[in-house]
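**Q** Have a look at this one before I ask anything.
In this note's numbering, the protein residues as written are 43 to 107.
What follows is the structure, given as structure tokens:
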């Protein structure tokens, strides 16, 4: 953006513009945020289930040993 346009903008516009920019950067940096289907409820629960199963397995092995 050109400095002249920034000067003519009021503060609220400048704020929202920077927020949009940071939001765009965040989605680019964080792949989970960019695709909504990856972050759906079912995917989260599936991920949680997988993690819990893994914990149960490691605990069982630890208790056996």
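Virtual Cβ for every residue (Gly too), placed ideally from N, Cα, C. From a predicted model like this one, the values you see are computed outputs, not experimental measurements.
Could you pull the start and end residues of the alpha helix (DSSP H) that residue 87 belongs to?
**A** First-last of the alpha helix (DSSP H) with residue 87: 83–106.
**Q** Quick one: Cα of residue 103 to Cα of residue 95, how far?
**A** So the two alpha carbons sit approximately 12 Å from each other.
**Q** Distance, Cα to Cα, residue 90 vs residue 99?
**A** So the alpha carbons of these two residues sit roughly 14 Å apart.
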